[in-house]
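A.B. asks:
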Amino acid sequence: MSEPPIYTLDEKEYDTPYYSIRTDYEDSFSNTKTPIVIDNGSYQCRAGWATEKNPALVFDNVVSRYKDRKINLNMVSVGMDAYADPAGRSNARSPFDGNVVCDFDRMETILDYIFTTLGINTSSIDHPLVMTEAVCVPQYSRKRKNNIKSI
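Position one of the sequence shown corresponds to residue 103 (the numbering used here), numbered consecutively onward.
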């Protein structure tokens, strides 16, 4: 009789792109009305300036909120950073239910992450915002998302 195969549960390595906060906002975009384009999919989010050929950011559309017990701080991670810590990985959640945004706090966290990483360090955003959404989104969800964008 042969022995049954033994399977191991190896940790998966995630290739996370490191997005540093851009420093070209003041020089290139602050005095223009260049639109910010956000392709907000239920799995992946892409964002950047309309004048650039490729999106500046591409990340998984998840947010993780957890308490780091070593340093006793509440942590918030967005995108692939949510998978970096085991505690964060277990708390990673998408703001979507199907393809409709239901968790608007997480959606606001994702938008803050996008604007911060694009280098926008002002209290308001003076650029047009182009954001995709799924077909047949309920009116309530559309109104709530527009509220987030106008804050």
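The beta carbon of each residue, even a glycine, is placed where N, CA and C say it ideally should be.
(1) Quick check on this structure: which residue in Y168, F206, D162 has the alpha carbon closest to the alpha carbon of A189?
(2) Can you give me the C-alpha to C-alpha distance between K245 and C204, rounded to a whole angstrom?
(3) Can you find at least 3 beta carbon pairs, one from the stretch 168-177 and one from the stretch 226-235, that sit closer than 8 Å?
(4) From this set, L220, G181, M209, which residue's C-alpha is nearest S130's C-alpha?
(5) On the DSSP letters alone, give me the boundaries of the beta strand (DSSP E) that R167 sits inside.
(6) On a Cα-Cα basis, can you pick out the residue from G150, N133, K135, T134 that is closest to D141?
(7) Terminal residues of the continuous alpha helix (DSSP H) containing I212?
(8) Pick out whichever of Y145, D187, I138 has its Cα sitting closest to the Cα of K155.
(9) Do R195 and V164 have their C-beta atoms closer together than 9 Å?
(10) If you follow the beta strand (DSSP E) that G150 is part of, which residue opens it and which one closes it?
(11) Is P106 near the ligand HEM, judged by its Cβ being under 8 Å from some heavy atom?
C.D. replies: For this structure:
(1) The shortest C-alpha separation from A189 is found at Y168.
(2) Approximately 12 Å between the Cα atoms of the pair.
(3) Contact between the stretch 168-177 and the stretch 226-235 is absent: fewer than three C-beta pairs spanning the two stretches fall below 8 Å.
(4) For the residues L220, G181, M209, the minimum Cα distance to S130 belongs to L220.
(5) DSSP places R167 in the uninterrupted beta strand (DSSP E) bounded by 165-170.
(6) Looking at the Cα atoms, G150 is the closest of the given residues.
(7) From DSSP, the alpha helix (DSSP H) with I212 extends over 206-219.
(8) The shortest CA-to-CA distance from K155 to any of Y145, D187, I138 is the one to I138.
(9) Result yes, Cβ atoms of R195 and V164 sit closer than 9 Å.
(10) Taken as a continuous stretch (DSSP letters only), the beta strand (DSSP E) holding G150 covers 146-151.
(11) In the structure shown, the ligand HEM is absent, as is every other ligand, since no ligand is present at all.
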